[in-house]
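Per the working numbering, the sequence shown runs over residues 211 to 365.
Even glycine gets a Cβ: it sits at the ideal position worked out from N, Cα and C.
Some notes on the structure that comes next.
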Amino acid sequence: MVVAGGGCEDGVNWGSVMIRRVWIETLKKMLRVLAFVAVPGAAHALGACSSSTSMPYLQAMNNMAVAVNLAVGAEIPGTRRNYTFSGRCVADGNQSIYAGAPIIACYYGSGREITPGVYSTGVAGIGIRLRNAVGQPMINAIGVACDTRAAALGA
Numbered sequence: 211m212v213v214a215g216g217g218c219e220d221g222v223n224w225g226s227v228m229i230r231r232v233w234i235e236t237l238k239k240m241l242r243v244l245a246f247v248a249v250p251g252a253a254h255a256l257g258a259c260s261s262s263t264s265m266p267y268l269q270a271m272n273n274m275a276v277a278v279n280l281a282v283g284a285e286i287p288g289t290r291r292n293y294t295f296s297g298r299c300v301a302d303g304n305q306s307i308y309a310g311a312p313i314i315a316c317y318y319g320s321g322r323e324i325t326p327g328v329y330s331t332g333v334a335g336i337g338i339r340l341r342n343a344v345g346q347p348m349i350n351a352i353g354v355a356c357d358t359r360a361a362a363l364g365a
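Structure follows, in structure tokens:
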């Protein structure tokens, strides 16, 4: 989901409601969710793994309108996205691949973690919140070396 924050400056007046338009397409920022075996050194072992929904998964965010009175940290209406995926790895002698290895999720945008589970996007006042299946924040999910094993993705 995309969340509101302070600092977005461009405004459009539609009647009595002020709406801020944010064109995420121009951001050149995308939400990428990467699922793979969460073990150091496992990246080179991905050839023995497969997943439903090809990974990494790239989610493009479309344009959206943000009400000026939306509270900081509130979900921007219409921006929530839910993802379901599964993976399977076949042991091939590489000790990084084993039965029950966890799947992790990472945010590949150029931002940083602002508050637990919320990542900056490069657009003032707009962040991306990552949560697991039970609604807990996905912390430490920034970049290709992220480690979200403690977040337990599945329900």
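Item, Value
"Shortest alpha-carbon distance to Ser261 belongs to which of Leu340, Val300, Ala360?", "Val300"
"So, helix, strand or coil for Arg290, using DSSP?", "coil"
"I need the straight-line Cα distance from Asp357 to Val278, nearest angstrom please.", "35 Å"
"Classify Tyr318 as buried or exposed, calling it buried when 16 or more other Cβ atoms lie within 10 Å of its own Cβ.", "buried"
"If Ala351 sits next to Leu363, beta carbons under 8 Å apart, how far is it from one beta carbon to the other, in whole angstroms?", "The Cβ separation is near 10 Å, so there is no contact."
"Would you mind stating whether Gly321 and Met348 have Cβ atoms separated by less than 9 Å?", "no"
"For Met274 and Gly283, which I take to be in contact (beta-carbon distance under 8 Å), what is that distance rounded to the nearest angstrom?", "Incorrect: roughly 16 Å between the Cβ atoms, too far for contact."
"Go to Ser330, then tell me how far its beta strand (DSSP E) extends in each direction, as first and last residue.", "328-330"
"What does DSSP give as the partner residue(s) for Thr325 in the beta ladder?", "Val328"
"Could you check if Lys238 is buried or exposed, using at least 16 other CB atoms within 10 Å of its CB as the buried criterion?", "Here the model assigns Lys238 a pLDDT of 31, short of 50, so the residue's position is not dependable and the matter cannot be decided."
"Can you tell which of Pro312, Gly337, Gln346 has its C-alpha closest to the C-alpha of Gln359?", "Note that residue 359 is Arg in the sequence shown here, rather than Gln. Checking every option, the nearest Cα to that of Arg359 belongs to Pro312."
"Given a threshold of 16 other Cβ atoms within 10 Å of its Cβ, counted over all protein chains shown, does Ala361 qualify as buried or as exposed?", "buried"
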